[in-house]
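Protein chains in written order, with my numbering: chain U, 1 to 245; chain S, 246 to 476; chain L, 477 to 684.
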Amino acid sequence: MAWTWFHRLASPPHIYRTAGRLTPWFAWPAALLIVAGLIGGLYLAPPDYQQGDGYRIMYVHAPSAWLSLMVYTIVAVAGGIGLIWRMKVAHAVAAASAPIGASFTLATLVTGSLWGKPMWGTYWAWDPRLTSELILFFMYLGYMGLRAAFEDVQRADRISAVLAVVGLVDVPIVHYSVVWWNSLHQGPSVMYLGKPTMPPSMLVPLLVMFLGFTLFFGAVLMMRLRGEVLLRERTATWVREAIRT
Amino acid sequence: MSEDPQAPSALALARLMLTRDLKLASRKASQLVQPLAFFAIVITLFPLAVTPELAKLRHIAPGVVWAAALLSSLLALEFLFRDDAQDGTLEQYALSGRSLTGLLIAKTAAHWLLTGLPLALMAPLAGAALGIPNAALPGVLASVTIGTVTLSLIGAVGAALTLGVRRAGALLSLLTLPLEIPVLIFGARAMKLAIAARPYGAPLTLLAGLAVLGLTLAPLAVAAAVRINLE
Amino acid sequence: MSDSTLKGENVHLWRGDRHVLRGVHFSITGGHCLQLTGPNGAGKTTLLRTVCGLSYPEEGRISWRGTDVRADLPAFHAQLAYLGHEPPLKLELTARENLHYWVGVRRRLSKAGIDEALERVGAARWADRPVRTLSAGQKRRAALAGLTLMRVPLWLLDEPTTNLDTEGQRLVGRLIDEHLAEGGLAIAAVHHELTVSAQGLRRLELQL
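This is the structure:
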């Protein structure tokens with residue numbers, strides 16, 4: 001049957017081994033790209049004519065912001081797959097991803113407010129993007145809180161998946177309503193990316209950082225997924241064998 | 246599905262659910278009064294904490310009324326499914342052969358009638374106390390009436406998700422408040438425009454849009470969450 | 477209802493780390509009652525909840541009249557009545573009102589029908605008192621009245637005799653007997669002996 005690969009893919013020992021094998025394939029390119037991106041962004045790229053060196057925090061801020069959203073999408077999609085096809089591994093992916101996504105969201109908030117100090121003269125100015133990022137952070141906290149509230153892992157998986165899917169529908173609505181709200185109050189807003197005028201010497205390191213951060217997420221996800229699978233299968237014989245070796 | 250001629254029609258079923266919840270509520274009215282009293286108390290805090298000057302209060306009134314409405318609707322959620330889950334009524338609904346989604350929509354509608362609508366009727370009163378001119382009160386009423394529909398729907402999702410959680414209060418607010426932020430933004434905006442005697446149809450339309458979206462999607466999530474919690 | 481067969485094949489279910497149902501098999505046909513026995517924690521309640529589709533078996537299947545119940549759960553639910561540990565009654569409503577709102581979701585009820593059902597379980601005298609004021613045994617009887625009102629072929633009963641006096645326990649046996657005589661089926665998890673006529677009784681012992 002065409003489904004056999006699907007079942008093998010979903011079997012915990014297989015996931016555990018595959019995730020272990022894949023980890024270095026994510027980790028090393030991620031490390032190389034992030035080092036290259038940092039060198040390119042912090043030394044080689046010229047200072048901005050308006051923001052001076054202040055803009056350089058963008059090399060951490062923008063990729064974190066991208067991942068904060070991407071990981072939430074992964075959590076919701078994996079949860080939805082787990083819900084519909086009763087695939088436990090999908091739930092494990094969601095459970096392993098959420099804390100990483102929350103960390104990226106926190107990193108976005110911290111770097112954003114550090115950036116705000118020289119730009120706005122204050123660490124926090126209710127900038128629309130940072131505000132919706134803050135709301136996203138609350139949504140991550142809610143998701144993880146709901147998960148933690150259940151002792152039964154399977155119930156936690158399925159209940160939190162419903163929340164993640166609802167949240168995924170709501171994230172764009174929250175974002176656009178916050179942008180709309182901000183446009184009414186003409187609050188401070190900073191151009192994160194200098195749009196098309198950004199010279200290649202600035203843009204290329206940024207793209208490298210985007211790729212590097214995404215691969216870094218992949219590596220951390222693989223490691224956390226292994227832990228998650230071990231935790232869920234702790235009574236299975238293959239786990240005892242895997243731990244012994 | 247059920248070709249049983251004995252089975253009540255969808256309409257009769259909705260009426261059965263509504264009359265049941267209204268009757269139950271009438272026999273424990275204090276549960277309904279408490280969120281309203283809470284709403285009134287929160288409103289009272291602001292003149293005491295900020296200033297009794299109506300001209301200044303008028304400025305913050307939309308935010309105060311909406312934040313109080315959000316919090317008080319959160320309190321009212323405690324009663325939405327909890328009793329029915331504990332005594333096994335929800336289980337009987339899930340096993341009735343009728344659409345659980347449909348039954349839960351009726352339940353949520355009853356909840357809005359019992360908690361959302363009274364809140365909306367109180368909002369102009371609270372608004373007047375905060376210095377909102379009389380001419381703007383219809384706008385206050387409209388914005389809270391439409392907004393509480395969405396609050397009831399999102400709240401129902403939160404209540405269904407936390408059915409199996411003991412002392413879920415803080416978690417429930419962490420789950421539902423971020424989802425409700427668009428309602429707060431559009432609702433407060435409509436009120437602000439009404440106070441400024443400017444047309445407030447646009448944010449009201451957006452509020453109504455949220456309500457329609459909530460009405461189509463939230464019941465599915467509520468039914469899914471209830472089923473999982475009954476498992 | 478000659479083809480009424482409820483069948484469970486190789487039903488497995490885990491609760492977290494616990495393998496609660498380990499390959500349960502059973503099969504009953506119209507006119508029979510399956511008595512589930514076994515120590516606390518052996519999975520009697522879990523099996524009942526799995527049969528009625530509240531819980532999802534990881535392996536195996538439950539079939540009703542030859543088709544997997546998962547294929548059309550609402551249609552299957554329309555054929556069954558489930559009574560759990562607690563009678564599903566609202567304390568603020570009277571027994572009569574409870575039946576009206578509880579069973580009324582499934583079928584249209586006449587006042588005479590409700591009266592007859594209450595009479596049958598000996599509840600007529602206190603049917604108009606709020607359930608809050610009733611004893612545990614009286615609540616149980618009111619729940620049994622609801623069960624008979626549903627008019628469905630399959631009864632799933634979790635400890636139906638709890639809190640009942642000997643008269644009440646005989647009542648449960650009588651109700652089940654009458655149900656079986658009409659070609660109905662029942663699965664009952666019980667600690668005490670059921671006073672059901674022996675020829676209709678089957679047993680399934682669940683182990684810890």
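Where is the CB? At the ideal position from N, CA and C, for every residue including glycine.
Note that this is a predicted model, so its numbers are computed, not measured.
Do the CB positions of residue i and residue j come within less than 7 angstroms of each other?
i, j, result
"Leu67 (chain U)", "Phe26 (chain U)", "no"
"Thr390 (chain S)", "Val428 (chain S)", "no"
"Leu417 (chain S)", "Thr407 (chain S)", "yes"
"Ser539 (chain L)", "Lys587 (chain L)", "no"
"Gly342 (chain S)", "Pro550 (chain L)", "yes"
"His488 (chain L)", "Gly499 (chain L)", "yes"
"Met262 (chain S)", "Ala351 (chain S)", "yes"
"Gly519 (chain L)", "Leu620 (chain L)", "no"
"Gly644 (chain L)", "Gly676 (chain L)", "no"
"Val229 (chain U)", "Pro12 (chain U)", "yes"
"Cys528 (chain L)", "Ala662 (chain L)", "no"
"Thr570 (chain L)", "Asp604 (chain L)", "yes"
"Gly392 (chain S)", "Gly432 (chain S)", "yes"
"Ala98 (chain U)", "Tyr143 (chain U)", "yes"
"Val165 (chain U)", "Ser132 (chain U)", "no"
"Ala96 (chain U)", "Leu231 (chain U)", "no"
"Pro63 (chain U)", "Phe217 (chain U)", "no"
"Leu277 (chain S)", "Leu359 (chain S)", "yes"
"Arg537 (chain L)", "Glu485 (chain L)", "yes"
Taking residue i and residue j to be in contact with their CB atoms under 8 angstroms, please state how far apart those CB atoms are, rounded to whole angstroms.
i, j, result
"Val467 (chain S)", "Ala401 (chain S)", "5 angstroms"
"Leu211 (chain U)", "Leu33 (chain U)", "5 angstroms"
"Gln279 (chain S)", "Leu319 (chain S)", "Their Cβ separation, rounded to whole angstroms, is 12 angstroms, which puts Gln279 (chain S) and Leu319 (chain S) out of contact at 8 angstroms."
"Asn639 (chain L)", "Val607 (chain L)", "In fact, because the Cβ distance is near 14 angstroms, the residues do not count as touching under 8 angstroms."
"Val648 (chain L)", "Pro636 (chain L)", "5 angstroms"
"Leu556 (chain L)", "Leu680 (chain L)", "Between Leu680 (chain L) and Leu556 (chain L) the Cβ distance is about 18 angstroms, and since that is not below 8 angstroms, they are no contact."
"Ala374 (chain S)", "Ile440 (chain S)", "Actually they do not touch by this definition, with Cβ atoms about 14 angstroms apart."
"Ala102 (chain U)", "Phe138 (chain U)", "With a Cβ gap of about 10 angstroms, Ala102 (chain U) and Phe138 (chain U) do not count as contacting."
"Leu585 (chain L)", "Leu625 (chain L)", "7 angstroms"
"Ala161 (chain U)", "Gly80 (chain U)", "6 angstroms"
If you reduce the DSSP assignment to three classes, tell me which class residue i lands in.
i, result
"Gly194 (chain U)", "In this prediction, Gly194 (chain U) has a pLDDT of 48, which is less than 50 and means its spatial position is unreliable; what the coordinates show is noted afterwards. Here Gly194 (chain U) sits in coil by DSSP."
"Pro449 (chain L)", "Since the first and last residues shown for chain L are 477 and 684, residue 449 (chain L) lies out of range."
"Gly187 (chain U)", "Note that Gly187 (chain U) scores a pLDDT of 49, beneath 50, so its modelled location is shaky; the value from the coordinates is reported in the next line. Looking at Gly187 (chain U) - three-state DSSP - the assignment turns out to be coil, as it is neither helix nor strand."
"Glu595 (chain L)", "helix"
"Pro29 (chain U)", "helix"
"Arg679 (chain L)", "strand"
"Val606 (chain L)", "Per the sequence shown, residue 606 (chain L) should be read as Pro rather than Val. Strand at Pro606 (chain L)."
"Ser64 (chain U)", "helix"
"Ile57 (chain U)", "helix"
"Met87 (chain U)", "coil"
"Asp548 (chain L)", "helix"
"Leu231 (chain U)", "helix"
"Trp181 (chain U)", "helix"
"Thr353 (chain S)", "helix"
"Gly41 (chain U)", "helix"
"Arg129 (chain U)", "helix"
"Gln154 (chain U)", "helix"
"Arg260 (chain S)", "helix"
"Glu669 (chain L)", "coil"
"Leu375 (chain S)", "coil"
"Gly121 (chain U)", "coil"
"Ala10 (chain U)", "helix"
"Arg343 (chain S)", "coil"
"Asp332 (chain S)", "coil"
From the DSSP output, which residues share a beta bridge with residue i?
i, result
"Ile504 (chain L)", "L:Leu482"
"Trp540 (chain L)", "L:Leu482, L:Thr543"
"Asp48 (chain U)", "U:Gly52"
"Ala664 (chain L)", "L:Gln511, L:Leu633"
"His488 (chain L)", "L:Arg498, L:Glu535"
"Asp325 (chain S)", "Asp is not the amino acid found at residue 325 (chain S); the sequence shown has Leu there. Its beta-bridge partners do not exist; DSSP assigns none."
Under 6 angstroms: does the beta carbon of residue i sit that close to some heavy atom of the ligand MN?
i, result
"Phe284 (chain S)", "As far as ligands go, the structure on display features none, and thus does not contain the ligand MN."
Can you list the beta strand (DSSP E) stretches of 3 or more residues lying completely in the segment 554-589 of chain L, in chain order?
556-559
Residue ranges of each beta strand (DSSP E) run of no fewer than 3 residues wholly in the segment 617-650 of chain L, ordered along the chain?
630-634
Pick out the complete alpha helix (DSSP H) segments inside the segment 383-470 of chain S, 4 residues or longer, and give them in chain order.
414-440
Please list the residues of the segment 305-334 of chain S that have a C-beta atom closer than 9 angstroms to any C-beta atom in chain C, keeping them in chain order.
Structure shown: chain C not included; protein chains present are U, S and L.
Residue ranges of each alpha helix (DSSP H) run of no fewer than 4 residues wholly in the segment 268-306 of chain S, ordered along the chain?
275-294
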